[in-house]
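Participant: Structure provided below as structure tokens; questions to follow.
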Amino acid sequence: MMNYDFRQIEDKWQKYWAKNNTFKASNTSDKPKFYALSMFPYPSGAGLHVGHPLGYIATDIYSRYKRHKGFNVLHPMGYDSFGLPAEQYAIQTGQHPAITTENNIKRYREQLDKLGFSFDWDREVRTSNPRYYKWTQWIFIQLFNSWYNKKSDKAENISTLISIFEKEGNENVEATCDDDTPSFSAADWNGFSEKKKQEILLKYRLTYLADTEVNWCPALGTVLANDEIVNGVSERGGHPVIRKKMTQWSMRITAYAQRLLDGLDKIDWPQPLKDAQTNWIGRSVGATVTFNVLPFGEEQGGDSNSVLPPTPSSGGGANARLTGDSSMIGVLLERAKEMRKNPTPAEDKLWQALRRKNLDVKFRRQHPVYKYIVDFICLEKKLIIEVDEKIHDYQLDKDAQRTLELEQKKGFTVIRFTNDEVISNLEAVIKKIEDILDSLSTGEGWGGDNHPYQIEVFTTRPDTIFGVSFMTLAPEHELVAKITTPEQKAEVEAYVEATAKRSERDRMADVKTISGVFTGAYAEHPFTKEPIPIWIGDYVLASYGTGAVMAVPCGDQRDYDFAKHYNIPIPNIFEGVDISEEAFADKETTVIANSDFLNGLSYKDAMKKIISELERIGHGKGKVNYRLRDAVFSRQRYWGEPFPVYYVDGMPQMIDEKYLPLELPEVEKYLPTETGEPPLGNATTWAWDAKNNKVVSNDLVTLSAVEGLDKGDGMPKPHLPDGQKVQHDGIYPLELNTMPGWAGSSQYFNRYMDPRNDEAIFSPEAINYWQDVDLYIGGSEHATGHLLYSRFWQKFMFDMGYVPKDEYAQKLINQGMITGTSEFANQASVNQAYISGYKTEGGFEGKRASNIIFLIKENENGELDKFQYYGDDVKYVFFSSDYEYLDEYKEGEYAVPYNQVIPHRFDVNYVENNILDIEGYRKTNESYNDSIYVVPGGFWLDGKFTELFSGKSREFKTYPEVEKMSKSKYNVVNPDAICEEYGADSLRLYEMFLGPLEQSKPWNTAGITGVHSFLKKLWKLYSPLEGGEGGVAPTADNLKTLHKTIKKVEEDIENFSFNTSVSTFMICVNELTAQKCTSKAILEPLAILVSPYAPHIAEELWERLGHSESIAEAPFPKFEEKYLVESSKEYPISFNGKMRFKLELPLDMDKDEIEAAVLAHEKTQEQLQGRTPKKVIVVPGKIVNIVG
RNA sequence: GCCUUGGUGGCGGAACUGGUAGACGCGCUGGAUUCAAAAUCCAGUUCUUUCGGGAGUGUGGGUUCGAUUCCCACCCAAGGUACCA
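If you count the first sequence from 1, position 161 lands on 161 in the numbering used here, and the numbers rise without skipping.
Pasting the structure below:
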């Protein structure tokens, strides 16, 4: 038999499989089904590198194994072919993304075909194919037509919601909807205009339009992701970025928050991935609590024993009055103070009376209101009382003007008394005041329960509410500007500005720096009514919860640190707990104290009690909070799915399913338009003819259709040039945004089940046969993107009754990344290297080289240093890769000035075993061609070596470093070259052999020779059997080796431990070779065992064993225990747990016999050296341990 | 900071539920074969040693007859992230 000619073998079987449709999956079968799926790739221009196939090989091994096990296996592959790189390339080159994508796919396909995957290529899907994205658009429409009914806990058709509205309004509807949804009755609803109804419904639909804040970069005309922004400017180009509201499509994934969480318990996914999703959804149970913000100065009205903490500002907002005109408040306050000190007798009398009277409301005296100082004021009732002297007649005009202004413009009620009235008839005056107070409603005034501002917080520990000693708002919180007192304004503004420059990640990671600023404002404790100072601090993030915290320093370490830092009191509300050193956060052992009605309660009881109390006083309620936000679904890009949406009168309309797909229009250029519209704004044929249901030219859209004036009557329109009539009613603008990357991947796994169906996304038969994915393999980078959104869509599809399972993948595995090895050497950054006395053909001359010099150095330990530094005094140095020669270089004539040494990354294709192929590398770039390459023995220049030190190496050494494999790092290893040199089977085995599937591991091509020679040995083992000869009967050893292997390989595959089964194969072949096994009864099952891993050689060997059918569905060998039964065991004999020698003993020996045999052994005596063992542990069949 | 994963020879890694640490492969060393090289085959390869042995799985403790494996504390690396109230 000839040598192992893998090229011929692999080519032959790849053709055979394609020709015979070996891996075609049928949608009807008596066999049990198995659906194995790899995450489909984005076809990038760089092609596959060796990291990509890792997961595909694993899925392929499992698929092939399942075929051997008698399953009908679905193992499809496709392309996630919409995406940014193709669009970016299009922007740069003008090449249509569809063309780029097509070319890239072609290359991917060639590479994939060479690896011998058992894909059913008939089922290939491409997300950018209109026949595919027709169904992406279809799902979008289904979502639009649905709402989430919390009562039934599932999505329902919007028509059920409309019929409820018609009958009873939305009072009793429990749905996931916008926060600002108004409540209305059935009558209201039925009276609404069609547009109004549409607006309301949009607040309920599972996909809806909403104003979302985005990072807008005006210079790039595009929206940027958080990580595309560095230090407040765009990563690309460094342009300024602003927060801007944009109307965008959103997906109401929040409706599914709880079910997405619950579903995690049902599926076998890696725990870290589940953790990531759990954290992303971020469920926390607690309560919302509303705190009223006290008007300025209110806190001064409390009794003098107030718990007010010292505040950094002197006076802490004393005498400030919210009602005063801020531009002249200083003057007003001064005067008010003056006047309060020196009241007129009448004023004093009335003031004492008002205080004594103990009215329900509170009065202030000499209070600034706008430009004036009024005598008495009741803020909650907006009542002003003025006490005048009669002789003020000359002022009458002015007073009238003042009254007019206060009453009419500011909404106060002003009553006037004369001094006489007050002095002589106080009773009547008071009576009149009481009457007027009664008649006034507690309207939009200040004070009482009608505070102008309220702070809502979410807390998981409402039970600790009596421990609140301050509040912290996020610096971005909208109330900050409104409540900050004038005294604190400058400081607060500076802090807000400083915070804006910090990234959230930065704010989050820095726990050491405690910072914050007092706003000067106070909130009122809902129970104790004590004032609570309001601070801002950057440890509170605006994006989470309400952006405000009720700080309980005794129960939360962050609050504790903050309070300590700013000398804020730390009241202890825990029984028997010392909080002098740190906060106490343990819920389990909590007993509440100093908390009024909560005293003595445990955490659990206190939680219940406080929530009911909060609800009773209307200051809060129990709440489950989720971090998860609705997903923005619009992208301002070209290369994505168009929305099946047009706009009539500003309201979105869905294109009827019958007319899908709505195909992506052609555009001149792929950039945003000059007016900042998305790239589709460049399309000239992008309007919807709603009468004929087709896309038509933009010119036909009337302005009226956009602006809502189009009555469709052909009447002259005022905004159009004279007399022009609207001729093209029913033609409307189409949506200009496209869908995001995850749209196409959120149901592709179901589409594979029936990918050519143009009538439905899949047939009921197909989905009912295949049900769900049994094994899904892909990278963990998709944990919170694809893998969460696709679960959401699946649950929606389940609610709609389209799919039978609400989780689409039972088992998921994250394959680890294959990291690359980059090769570095140092490079001196110089302007020009000049070498005098350089020897050329014409004799000696000066030589100028390009500005690059490479060098490395070994330190004392022989390790390669990444950097070297020679000190500033050495200006002219010829760099050496060998440190010891430095001085000689320095003194010699070969010298160049340098500024700096930086690491230089070499293309790994020119480095082998850390040695650079200088000649090859020079050709890659002009400046490399003209560089000096310094080595221990001298230097290379122009392809010539100049020897400076004889006997020293001429090789240029590099040092390796492990990094992510990426084109930009020049460390990409392609599978093509490896297939060419070693074959696909070798590559497949090697990728598995590298290490555990789920861990990341570095690639090193050199190691592939090991698995390659294994395949050669395997081939050799079968040589004697050529021609289908029967071979000889298997020996006991043969059978033992085989069945040991069957057992291990089967276990390994089931556990996805593919690396160890490759080792097992090697051991097996080594043993069978040593046994000189030629038995067909052994080698036939072995071929099947190997077939999932190395399918080409397995098919070839199978055929040579005399089979005419493919090995693909040959039954997996059955493991039989009987061949492994042993009669004796080589016992490890340990002393104090350390193995000292081995002793072969029969397995049927019992404990005592073993002990006796061991103790009698001479080596035991030797070890014991006369001591008597204290104890002897015997585990039959395992180990003997002697203690003593 | 927090979450997750990991840390074992020169390298990738193995060791099932606590029972022989370093399987298998790469690399390296020596040998065979060869005119020579490649390929192939054989032997060796954790460190240390006075050749008896001794030490050893990131560090320090603990549990146990026995720990890479279990517990506690810490260090380092990679990935994720939200100071989540």
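Ideal Cβ placement from N, Cα and C applies to all residues, glycine included.
(1) Rounded to whole angstroms, what is the Cα-Cα separation between residue 30 and residue 69?
(2) Is any heavy atom in the ligand COA found nearer than 7 Å to the beta carbon of residue 1013?
(3) By Cβ distance, which residues of its chain are closer than 8 Å to residue 596, with the 5 residues on each side in sequence left out?
(4) Give every residue of the same chain whose Cβ lies closer than 6 Å to the Cβ of residue 1189, excluding the five residues on either side of it in the sequence, and list them in chain order.
(5) Between which residues of its own chain and residue 301 is the CB-CB distance below 6 Å, once the five residues before and five after are set aside?
(6) Return the chain-ordered ranges of every alpha helix (DSSP H) run that is complete within the region 238 to 305 and spans a minimum of 4 residues.
(7) Around the Cβ of residue 39, are there at least 16 other Cβ atoms within 10 angstroms (buried) or fewer (exposed)?
(8) Could you tell me which residues DSSP pairs with residue 415 in its beta bridges?
(9) Report, in whole angstroms, the separation of the C-beta atoms of residue 757 and residue 803, which I expect to be a contact under 8 Å.
(10) Considering only residues of the same chain and omitting the five flanking positions on each side of residue 199, which have a CB-CB separation below 8 Å?
(11) Which residues mark the beginning and the end of the alpha helix (DSSP H) in which residue 58 is found?
(12) Would you identify the three-state DSSP class for residue 757, choosing helix, strand or coil?
(13) How would you label residue 248, buried or exposed, when you count the other beta carbons within 10 angstroms and need 16 or more for buried?
(14) Within a Cβ cutoff of 8 Å, which residues of the same chain sit near residue 239, ignoring the five residues on either side of it in sequence?
(15) Where does residue 734 sit, in a helix, a strand or coil, going by DSSP?
(16) For a test of the three-state rule: what should DSSP assign to residue 1107, helix, strand or coil?
(17) From residue 279 to residue 79, what distance separates their C-alpha atoms?
(18) Look at the Cβ atom of residue 659, then the Cβ atom of residue 732, and state whether they are nearer than 8 Å.
(19) How many whole angstroms separate the CB atoms of residue 973 and residue 49, which I take to be in contact at a CB cut-off of 8 Å?
(20) Extract the residue ranges of the beta strand (DSSP E) inside the region 460 to 525, only unbroken runs of 3 or more that lie entirely within it.
(21) Using the Cβ count rule (16 or more neighbours within 10 Å means buried), how would you classify residue 1147?
(22) So, is residue 1092 buried or exposed, given that buried needs 16 or more other C-beta atoms within 10 angstroms?
(23) Check whether the region 991 to 1008 touches the region 814 to 824, taking contact to mean three or more Cβ pairs, one atom from each stretch, closer than 8 Å.
(24) Short of 7 Å in beta carbon distance, which residues of its chain neighbour residue 357, apart from the five on each side in sequence? Order them along the chain.
(25) Which residues in the same chain have their Cβ closer than 8 Å to the Cβ of residue 815, if we skip the five residues on either side of it in sequence?
(26) Roughly how many angstroms separate the alpha carbons of residue 635 and residue 741, rounded to a whole number?
(27) Mind reading off the beta-carbon distance from residue 824 to residue 924? Whole number of angstroms is fine, and I expect it under 8 Å.
(28) Quick one: is residue 388 buried, meaning 16 or more other Cβ sit within 10 Å of its Cβ, or exposed?
(29) Helix or strand or just coil, what does DSSP make of residue 871?
(30) Residue 119 and residue 23: beta carbons closer than 8 Å?
(31) Below 6 Å CB to CB, which residues in the same chain sit around residue 4 once its five sequence neighbours on both sides are set aside?
(32) Closest by CA to residue 419, which one among 480, 495, 349?
(33) Let me confirm a value: residue 617 is counted as buried when at least 16 other C-beta atoms fall within 10 Å, else exposed. Which label applies?
(34) Taking the C-alpha atoms as reference points, what is the distance between residue 978 and residue 990?
(35) Classify residue 310 as helix, strand or coil using the three-state DSSP reduction.
(36) Rank 664, 668, 671, 669 by C-alpha distance to the C-alpha of residue 687 and give the top, closest one.
Facilitator: Result, derived from the coordinates:
(1) In the first sequence, residue 30 corresponds to position 30, counting from 1. In the first sequence, residue 69 corresponds to position 69, counting from 1. For residue 30 and residue 69, the distance between alpha carbons rounds to 14 Å.
(2) Looking for the ligand COA in the displayed structure turns up nothing, as the structure carries no ligands at all.
(3) To locate residue 596, count along the first sequence from 1; it is residue 596. Cβ within range, chain order: 466, 527, 528.
(4) Lying before the first or after the last residue shown, residue 1189 is absent from the chain, which here runs from 1 to 1188.
(5) For the purposes of this step, residue 301 is identified with residue 301 of the first sequence, where counting begins at 1. Low confidence applies here, because residue 301 scores a pLDDT of 40, under 50, leaving its location unreliable and the question unanswered by this model.
(6) 257 to 263, 271 to 281
(7) Here residue 39 corresponds to residue number 39 of the first sequence, with the count starting at 1. It is buried - the Cβ of residue 39 has at least 16 other Cβ atoms within 10 Å.
(8) Numbered from 1 along the first sequence, position 415 holds the residue referred to as residue 415. DSSP lists 385 as partners of residue 415.
(9) Position 757 of the first sequence holds residue 757. Position 803 of the first sequence holds residue 803. No, residue 757 and residue 803 are not in contact; Cβ-Cβ is about 14 Å, not under 8 Å.
(10) Within the first sequence, the letter at position 199 stands for residue 199. Result list for residue 199: 651, in chain order.
(11) As a working note, residue 58 is residue 58 in the first sequence. Residue 58 -> alpha helix (DSSP H) spans 53 to 68.
(12) Residue numbering aside, residue 757 sits at position 757 when the first sequence is read from its first letter. In this structure, residue 757 counts as coil in the three-state DSSP scheme.
(13) For the purposes of this step, residue 248 is identified with residue 248 of the first sequence, where counting begins at 1. By the neighbour-count rule (16 or more Cβ atoms within 10 Å), residue 248 is buried.
(14) Residue numbering aside, residue 239 sits at position 239 when the first sequence is read from its first letter. Closer than 8 Å at the Cβ level, and outside the excluded window around residue 239, lie 217, 218, 219, 220, 233.
(15) Translated into the one-based positions of the first sequence, residue 734 becomes position 734. Strand.
(16) Reading the first sequence from its first residue, position 1107 is the one you call residue 1107. Residue state, collapsed to three classes: coil.
(17) The residue given as residue 279 occupies position 279 in the first sequence. The residue given as residue 79 occupies position 79 in the first sequence. Between residue 279 and residue 79, the C-alpha separation is close to 30 Å.
(18) Numbered from 1 along the first sequence, position 659 holds the residue referred to as residue 659. Numbered from 1 along the first sequence, position 732 holds the residue referred to as residue 732. No, these two residues do not count as a Cβ contact at 8 Å.
(19) For the purposes of this step, residue 973 is taken as residue 973 along the first sequence, with counting starting at 1. For the purposes of this step, residue 49 is taken as residue 49 along the first sequence, with counting starting at 1. That belief holds up - the Cβ atoms of residue 973 and residue 49 are roughly 6 Å apart, short of 8 Å.
(20) 470 to 473, 517 to 524
(21) Position 1147 of the first sequence, counted from the start, is the residue given in the question as residue 1147. The residue in question, residue 1147, is exposed, as its Cβ has fewer than 16 Cβ neighbours within 10 Å.
(22) Against the first sequence, residue 1092 aligns to sequence position 1092. Burial call: buried.
(23) yes
(24) Taking the first residue of the first sequence as 1, we reach residue 357 at position 357. Within the same chain, residue 357 has close Cβ partners 430.
(25) Here the question's residue 815 lines up with position 815 in the first sequence. Contacts found: 54, 55, 58, 777, 778, 779, 997, 998.
(26) By one-based count along the first sequence, residue 635 stands at place 635. By one-based count along the first sequence, residue 741 stands at place 741. Each residue's Cα considered, the two are about 9 Å apart.
(27) Along the first sequence, one-based indexing puts residue 824 at 824. Along the first sequence, one-based indexing puts residue 924 at 924. That pair is no contact at about 16 Å.
(28) Walking along the first sequence from the start, residue 388 turns up at place 388. Its Cβ being crowded by 16 or more others within 10 Å, residue 388 is buried.
(29) Translated into the one-based positions of the first sequence, residue 871 becomes position 871. Caution applies to residue 871, whose pLDDT of 31 falls short of 50 and renders its modelled position unreliable; the model cannot decide the point.
(30) Within the first sequence, numbered from 1, the residue matching residue 119 stands at position 119. Within the first sequence, numbered from 1, the residue matching residue 23 stands at position 23. It is a contact, given that the beta carbons lie within the stated cut-off.
(31) Counting from 1 along the first sequence, the entry for residue 4 is found at position 4. Closer than 6 Å at Cβ, skipping near neighbours: 1016, 1019.
(32) Position 419 of the first sequence, counted from the first residue, corresponds to residue 419. The residue with the shortest Cα to Cα distance from residue 419 is 349.
(33) Along the first sequence, one-based indexing puts residue 617 at 617. Exposed, because fewer than 16 other Cβ atoms sit within 10 Å of the Cβ of residue 617.
(34) Numbered from its first residue, the first sequence carries residue 978 at position 978. Numbered from its first residue, the first sequence carries residue 990 at position 990. In a straight line, the C-alpha of residue 978 is about 11 Å away from that of residue 990.
(35) On the first sequence, position 310 is the one that residue 310 refers to. Its pLDDT being 36, under 50, residue 310 is placed unreliably by the model, and the measurement read from it follows with that caveat. In the structure shown, residue 310 sits in coil (DSSP, three-state: anything other than H, G, I, E or B).
(36) Counting from 1 along the first sequence, the entry for residue 687 is found at position 687. Among 664, 668, 671, 669, the Cα nearest to that of residue 687 belongs to 664.
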